[in-house]
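Residue numbers (our numbering): 173 to 580.
Listed below in structure tokens is the structure:
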């Protein structure tokens with residue numbers, strides 16, 4: 173098949189030809205040959221289509237055009253998380269900005285909030301810099317690995333807190349919660365949640381966590397990134413936290429088996445090898461893409477990927493949107509609790525209380541401290557780490573509670 177693709181490319185005088193198996197039992201194959209003349213697909217033309225305007229999903233995003241020139245719209249809330257891979261200059265970063273602008277076009281800060289991680293400091297920083305930021309930005313754009321770890325810890329803590337809120341009102345998901353509490357805040361809930369964005373409503377906004385380069389984070393932080401990222405991917409859908417994660421290095425040390433298993437919706441722009449294509453899509457093909465926004469989209473429940481053209485968003489267009497929306501404010505930094513580094517030598521006024529709890533209970537776990545002390549996941553985890561270092565509890569034993577080494 174590979175030799176045939178090369179021969180056809182020579183025959184038709186094009187750089188790449190892609191051969192695919194047609195769906196169904198027709199017995200035919202598909203031969204994809206690039207057009208002689210490229211046509212740019214602009215984000216505006218997709219956003220103005222009837223299909224996008226009338227989209228009924230909770231978080232509709234413009235994916236671009238399919239091979240028949242029809243607009244393709246998807247619901248990020250149903251994905252529920254998106255993993256994007258692609259080599260340099262393949263169109264990956266432009267696509268991430270197209271997703272962000274799709275959501276900004278449709279939703280107010282009451283509806284959605286963004287948490288952005290951009291270690292390169294060039295792709296996402298435009299949304300919040302120099303004293304100006306879009307009002308949808310929950311915190312400052314995070315530009316260091318330590319900030320990224322703290323940000324993901326905060327997202328896990330927020331997820332835990334939201335599940336407690338859902339349980340309190342008897343809701344199963346964020347949409348049900350918002351229906352219950354809107355207009356009934358004093359009847360349903362005792363005190364406001366920190367992220368509620370309006371003094372008139374306790375509606376929970378969706379949170380979109382955007383990570384521009386996972387490879388850099390995994391190479392420097394490893395498990396500190398993988399663990400909270402996987403936890404969010406496994407559990408955050410129902411409470412309205414969704415991940416959009418991009419990498420230009422789709423190797424197995426970046427897209428680990430654990431991460432891959434929890435991102436069923438994946439996109440690959442052009443990659444450098446068949447190995448990279450198989451890592452992200454479980455099949456060859458992405459190595460034969462054309463670049464410049466040409467990509468394969470693998471949605472949930474589909475056996476073969478769709479080939480789409482990403483909409484183009486220029487830097488000038490992004491700047492115009494940001495200038496239109498931006499307010500003169502610095503987004504708040506992460507809470508101090510989430511910014512403390514794991515294993516940091518720091519005192520905690522709840523440490524003695526935490527020790528008394530695990531000793532009296534005869535077991536130690538993060539969830540136990542969360543429940544007893546009413547604190548977030550990150551802080552409870554640090555208390556457990558401090559107790560292990562001080563010889564109060566034993567090391568982690570997987571899903572089992574830690575052994576308590578100190579007597580009552």
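C-beta atoms are modelled at their ideal positions from N, C-alpha and C, and glycine is treated no differently.
Spell out the partners DSSP gives residue 467 in its beta bridges. 480
Anyone know if the C-beta pair for residue 574 and residue 537 falls short of 8 Å? For residue 574 and residue 537, yes; Cβs fall inside 8 Å.
Endpoints, the alpha helix (DSSP H) within which residue 329 is located: 317-341
Are residue 257 and residue 440 close, meaning C-beta to C-beta below 8 Å? yes
Where residue 251 falls: helix, strand or coil (DSSP): Secondary structure of residue 251 (DSSP, three-state): coil.
Report the residue from 455, 282 and 461 whose alpha carbon sits nearest the alpha carbon of residue 259. 461
Here's a check: name, in chain order, each residue in its chain whose Cβ is nearer than 7 Å to the Cβ of residue 224, leaving out the five neighbours to either side. 218, 232, 234, 243 and 245
Check the C-beta distance from residue 472 over to residue 437 and give it rounded, since I have them as a contact under 8 Å. 6 Å
Taking one C-beta from the segment 337-344 and one from the segment 307-321 each time, how about it: are there three or more such pairs within less than 8 Å? Segments in contact, no.
Opening and closing residue of the alpha helix (DSSP H) in which residue 202 lies: Note, residue 202: premise wrong, no alpha helix (DSSP H); beta strand (DSSP E) at 201-204.
Give the straight-line distance between the Cα atoms of residue 371 and residue 384, rounded to the nearest whole angstrom. In this prediction, residue 371 scores a pLDDT of 46, lower than 50, which makes its location untrustworthy; no coordinate-derived value is stated.
Starting from residue 416, trace the beta strand (DSSP E) both ways and give me its first and last residue. 413-419
Is residue 591 helix, strand or coil when you go by DSSP? Nothing can be reported for residue 591, as the shown portion of the chain is limited to 173 through 580.
Extent of the continuous alpha helix (DSSP H) run through residue 433: 429-433
So, helix, strand or coil for residue 539, using DSSP? helix
Tell me whether residue 354 sits in a helix, a strand or coil according to DSSP, three-state version. coil
Inter-residue Cα distance where the pair is residue 358 and residue 431: In this predicted model, residue 358 has a pLDDT of only 48, less than 50, meaning its place in the structure is not dependable enough to derive any value.
With respect to the alpha helix (DSSP H) encompassing residue 553, which residues constitute its N-terminal and C-terminal limits? 549-561
Are the CB atoms of residue 286 and residue 309 within a distance shorter than 8 Å? yes
Proximity to residue 267 [Cα-Cα], best of 279, 241, 289 and 295: 295
Can you tell me the Cβ-Cβ gap for residue 346 and residue 374, rounded? I've got them flagged as a contact below 8 Å. About 12 Å separates the two Cβ atoms, so there is no contact after all.
First through last residue of the alpha helix (DSSP H) which encompasses residue 444: Careful: residue 444 lies outside any alpha helix (DSSP H) and carries neither H nor E.
Residue 305 vs residue 498 beta-carbon contact at 8 Å: Cβ distance < 8 Å, so residue 305 and residue 498 count as in contact.
Bridge partner(s) assigned by DSSP for residue 236: 244
Go through its chain and collect everything with a Cβ distance to residue 248's Cβ below 6 Å, but skip five positions before and after it. 231, 233 and 414
Assigned secondary structure, residue 208 (DSSP; H/G/I helix, E/B strand, else coil): coil
With 8 Å set as the bound, which would you pick, yes or no: does the beta-carbon of residue 261 sit closer than that to a beta-carbon of chain C? The structure shown contains no chain C; it holds only a single protein chain.
Might you give, ordered along the chain, the residues of its own chain that have their beta carbon closer than 6 Å to the beta carbon of residue 458, omitting 5 neighbours on each side? Taken in chain order, the residues that qualify are 440, 443, 449 and 468.
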